[in-house]
Amino acid sequence: RGGSGGQREMFPAICSECGRETMVPFRPSGDKPVYCKDCYRPRSRY
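Be aware that the sequence shown starts at 600, since it is given in our numbering, and climbs by one per residue.
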């Protein structure tokens, strides 16, 4: 696959927590929740 350096392809998604549009480095499958960086950060703590 081509591409320049470490530039990841980003895909648009809607955050499952706040409903904002965000960009994620994977194609959302629709069966798992997707979070923006603001909502993801608090969830990553146990």
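Note that beta-carbon positions come from the ideal geometry of N, C-alpha and C, so glycine has one too.
Since we're looking at a predicted model, the values are computed, not measured.
Buried/exposed call for residue i, threshold 16 Cβ in 10 Å
i	result
cysteine 635	buried
Beta-carbon proximity check, residue i vs residue j, cutoff 9 Å
i	j	result
valine 633	proline 624	no
glutamate 620	cysteine 614	yes
Candidates the options: closest to residue i by CA position
i	options	result
phenylalanine 610	Lys631, Glu616, Met622	Met622
arginine 640	Gln606, Glu616, Asp630	Glu616
Residues that residue i bridges to, as DSSP identifies them
i	result
proline 611	Met622
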